[in-house]
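First up is the structure itself, then whatever we jot down about it.
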Amino acid sequence: MAWAARRGGRSAETPTFARLPSTGSDLVPDEPMPRRDRSPDRDGVPPSEERGEQKPWPPDDLMSQFDAIERLLRTRRDAERERQAAPDEASTDQAESLSARAAEEQPAAAVSEPVAALGTSRGADRAEADGEREPDARSRRNVILTVCGVVAAALTMAATAWAMTSNPHSATQRPPAHPSPTPDEIQAAQWVADHIGPDHVVACDVDLCALARQFGASAAALVTVGSDITQVERADVVISTSIVRGDFGVQLAAISSPEPLASFGTGADRVDVTAVALDGSADYGRRLAADRAARRQIGVAVARSPRIVVQTPAGAVELADGLVDSRLSSLLTLIGGSHTLTVVSFDGAGPGAGADIPESDVVISRVDGQPVGRFAPQTAILTALVDAQQPPYRPLSVVSESDDVKISFSQPEPLGLIAGATP
Numbered sequence: 459m460a461w462a463a464r465r466g467g468r469s470a471e472t473p474t475f476a477r478l479p480s481t482g483s484d485l486v487p488d489e490p491m492p493r494r495d496r497s498p499d500r501d502g503v504p505p506s507e508e509r510g511e512q513k514p515w516p517p518d519d520l521m522s523q524f525d526a527i528e529r530l531l532r533t534r535r536d537a538e539r540e541r542q543a544a545p546d547e548a549s550t551d552q553a554e555s556l557s558a559r560a561a562e563e564q565p566a567a568a569v570s571e572p573v574a575a576l577g578t579s580r581g582a583d584r585a586e587a588d589g590e591r592e593p594d595a596r597s598r599r600n601v602i603l604t605v606c607g608v609v610a611a612a613l614t615m616a617a618t619a620w621a622m623t624s625n626p627h628s629a630t631q632r633p634p635a636h637p638s639p640t641p642d643e644i645q646a647a648q649w650v651a652d653h654i655g656p657d658h659v660v661a662c663d664v665d666l667c668a669l670a671r672q673f674g675a676s677a678a679a680l681v682t683v684g685s686d687i688t689q690v691e692r693a694d695v696v697i698s699t700s701i702v703r704g705d706f707g708v709q710l711a712a713i714s715s716p717e718p719l720a721s722f723g724t725g726a727d728r729v730d731v732t733a734v735a736l737d738g739s740a741d742y743g744r745r746l747a748a749d750r751a752a753r754r755q756i757g758v759a760v761a762r763s764p765r766i767v768v769q770t771p772a773g774a775v776e777l778a779d780g781l782v783d784s785r786l787s788s789l790l791t792l793i794g795g796s797h798t799l800t801v802v803s804f805d806g807a808g809p810g811a812g813a814d815i816p817e818s819d820v821v822i823s824r825v826d827g828q829p830v831g832r833f834a835p836q837t838a839i840l841t842a843l844v845d846a847q848q849p850p851y852r853p854l855s856v857v858s859e860s861d862d863v864k865i866s867f868s869q870p871e872p873l874g875l876i877a878g879a880t881p
């Protein structure tokens with residue numbers, strides 16, 4: 459900001475004032491400022507007012523006030539620089555003494571009027587007071603935040619401990635897992651890996667799922683169950699151990715087949731492999747009995763076919779009694795329409811399986827009177843016919859041994875594939 463008198467040019471009577479720097483540097487005029495004669499006349503009216511002339515600006519008293527304010531601000535600025543350079547107690551005391559000395563040098567009249575008019579000194583005092591309070595406020599804020607963090611952590615730990623102790627299905631309430639798998643668990647896991655195909659989802663506890671994966675079961679087909687029964691409901695088969703039965707109790711029995719696909723061991727530590735029955739255990743039992751009745755009809759027809767030769771009496775009895783998987787009987791009927799087959803045996807139902815659970819494997823030794831095996835030409839014919847089938851009639855595996863071929867379907871058998879099997 460610059461003050462200057464512009465009246466068509468500078469004259470000897472025109473006062474010249476210093477430029478007030480905006481950065482707070484020394485307010486020292488570049489050249490002397492001549493004073494206009496302001497002595498009043500005999501009537502007490504200055505000559506400039508008597509002549510109607512405009513009063514010069516700024517007045518002398520206001521200039522002296524500006525000088526006093528500038529000295530105060532310069533002193534406080536120097537004290538602040540020294541305090542920042544050495545923020546110890548001695549520097550703080552020195553800065554306060556400088557501020558006090560500057561306040562003593564400032565005339566009372568020169569400070570009070572600019573403060574009331576411009577608000578400069580009050581704003582500076584408020585900023586200084588805020589600066590003094592800022593470290594204390596920051597310290598209190600840090601203490602409050604620390605206390606809140608400690609309280610939140612304590613509440614979280616307490617809630618976690620309460621949930622673990624109050625949940626009846628929590629890990630702390632579950633029976634401890636075996637340090638090593640029992641023989642029954644090993645057999646059950648191996649049977650599941652060999653007979654439950656990847657198209658079926660198996661629910662199991664963490665130990666049995668790990669064992670099943672070791673024996674080759676697909677990890678994508680395994681669901682590790684916790685404390686939620688819906689995890690079992692999403693599966694097709696459940697491996698029921700003492701831990702799983704303890705977790706779900708009657709809920710598990712209500713959605714399980716009344717007849718296991720396989721059972722290993724006895725008593726409370728037994729391991730059952732059971733089909734999941736979403737419509738209820740009783741409904742699944744009725745459907746399973748109706749399916750066996752339909753299997754009897756097709757089994758009798760297969761046993762009487764001249765193109766299907768069953769070498770053992772036990773095999774013929776299983777066909778006639780409806781204990782051969784309906785998919786397997788349908789495949790034998792299809793191949794027997796153009797080729798003669800020699801059946802060695804039926805197999806596949808697990809140990810301890812229910813009375814209505816059918817055999818899902820067949821062993822064939824000859825096709826059209828010619829032996830089959832790993833390198834026999836008839837094996838290629840049989841394999842091509844089997845591989846041409848579509849689900850659910852596509853087998854789980856076809857294995858060529860030295861002198862026979864084993865065809866296996868996955869467990870459990872889909873119910874209702876044969877017409878008239880609906881209860």
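Numbering (this note's numbering), first residue to last: 459 to 881.
Ideal Cβ placement from N, Cα and C applies to all residues, glycine included.
| Item | Value |
| --- | --- |
| Backbone CA spacing between D737 and R744 [nearest angstrom] | 11 Å |
| F722 (DSSP reduced to helix, strand or coil) | strand |
| V650 vs V681 beta-carbon contact at 7 Å | no |
| Chain C within 7 Å of R750, Cβ atoms only | Here there is only one protein chain, and chain C is not present. |
| DSSP state of S497 mapped onto helix, strand, coil | Since pLDDT at S497 reaches only 45, below the 50 mark, its modelled position is unreliable, and the value read off the structure follows with that caveat. Coil at S497, not helix or strand. |
| T699 in three-state terms, based on DSSP | coil |
| Assigned secondary structure, R744 (DSSP; H/G/I helix, E/B strand, else coil) | helix |
| Nearest-angstrom Cα separation, counted from I865 out to L854 | 8 Å |
| Residues near Q648 by beta carbon distance below 7 Å, same chain, minus five either side | F673 |
| Candidates A740, S818, L875 and A774, of which the one nearest V856 by Cα | S818 |
| Segments of 4+ residues assigned as alpha helix (DSSP H) that fall wholly inside the stretch 816-864 | 835-845 |
| Cα-Cα separation, A655 to A838 | The question names Ala, yet the displayed sequence has Gly at residue 655. Going by the C-alpha atoms only, they are around 24 Å apart. |
| Inter-stretch contact (C-beta, 8 Å, three-pair minimum) for the stretch 810-824 and the stretch 715-725 | yes |
| Secondary structure of L736, DSSP reduced to three states | coil |
| Inter-residue spacing [alpha-carbon to alpha-carbon] between G725 and L843 | 45 Å |
| Separation of L792 from R762, as counted between CA atoms | 14 Å |
| Distance between E540 and A560 (C-alpha atoms, nearest Å) | Note that A560 scores 49 on pLDDT, short of 50, meaning its location in the model is unreliable; the coordinates nonetheless yield the value given after this. A560 and E540: Cα-Cα distance of roughly 16 Å. |
| Assigned secondary structure, L875 (DSSP; H/G/I helix, E/B strand, else coil) | coil |
| Cβ neighbour criterion (16 or more within 10 Å) applied to S480 | Model confidence at S480 stands at a pLDDT of 45, short of 50, so the residue's coordinates are unreliable and nothing is read from them. |
| Within the stretch 641-723, ranges of the alpha helix (DSSP H) (whole runs, at least 4 residues) | 641-653, 664-672, 688-691, 700-706 and 708-712 |
| In DSSP terms, what V760 is bridged to | In the DSSP output, where bridge partners are listed per residue, V760 has none listed. |
| Three CB pairs or more closer than 8 Å across the stretch 757-772 and the stretch 786-802 | yes |
| Three-state secondary structure (DSSP) of D814 | coil |
| Proximal residues to R500 (C-beta, below 8 Å), its chain only, five neighbours per side dropped | The pLDDT assigned to R500 is 44, lower than 50, so where the model puts this residue is not dependable, and the model offers no usable value. |
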